[in-house]
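Asker: Quick one: this structure, given as structure tokens, is what I'll be asking you about.
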Amino acid sequence: MASRFRGMASSVRASHAHYFAAQVTYHEPGDVSRTADAVLKKSKTESRTDDQGRINRVTLRECRFVTLTDIRHDAVITADGMQWSIDRVLEREASGLHVMLQRIQTNEINRPSYRGKG
333 MASRFRGMAS SVRASHAHYF AAQVTYHEPG DVSRTADAVL KKSKTESRTD
383 DQGRINRVTL RECRFVTLTD IRHDAVITAD GMQWSIDRVL EREASGLHVM
433 LQRIQTNEIN RPSYRGKG
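Taking the numbering used here, the leading residue of the sequence shown gets 333, the next gets one more, and so forth.
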């Protein structure tokens, strides 16, 4: 019975969300860029269907800005060596802004991916 609880504890540790502090660059249209302090969460990938019925892979990452209180939805965020767009705003507070960032992988995944005799 003790081994069962040890296994549960290890799975809880493995699923723990990891956060880390980073400096990100916030790019607005019109060559306006500034650096901001942020807290990033570990990214996750999911599938989404676009308006044409294609399925795309979307990588999402939560980001909490410590110094920004307002953000444009067409801005681009450079964080962790990659460019991210803003998916949605999760929270607006006086102490900062909590947004969901996204990266869309444009390759279609709705075609069969099997290997067999053809």
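Just so you know, even glycine gets a beta-carbon here, dropped at the ideal spot from N, CA and C.
Grouping DSSP H, G and I as helix and E and B as strand, with all else coil, what is T401?
Answerer: Coil.
Asker: On the premise that A426 lies in contact with T399, defined as a C-beta separation below 8 Å, what is that separation, rounded to the nearest angstrom?
Answerer: About 12 Å; that fails the 8 Å criterion.
Asker: Going by beta carbon distance, what residues of the same chain come within less than 6 Å of A289, once the five residues before and after it are set aside?
Answerer: With the chain covering 333 to 450 only, the question about residue 289 has no answer from this structure.
Asker: Are H359 and V431 touching if we call contact CB-CB under 7 Å?
Answerer: Not a contact, by the Cβ cut-off of 7 Å.
Asker: Which residue's Cα is closest to the Cα of P361: S417, D406, I418, Q434?
Answerer: The candidate whose alpha carbon is nearest that of P361 is D406.
Asker: How big is the Cα-Cα spacing for R380 and Q434?
Answerer: So the alpha carbons of these two residues sit roughly 12 Å apart.
Asker: Under three-state DSSP, which class holds S343?
Answerer: Low confidence applies to S343: its pLDDT is 38, below 50, so where it sits in the model is not reliable enough to give any reading.
Asker: Using CA atoms only, rank isn't needed, just tell me which of I436, G413, Y351, L392 is closest to V421.
Answerer: Selected option, being the one with the closest Cα: L392.
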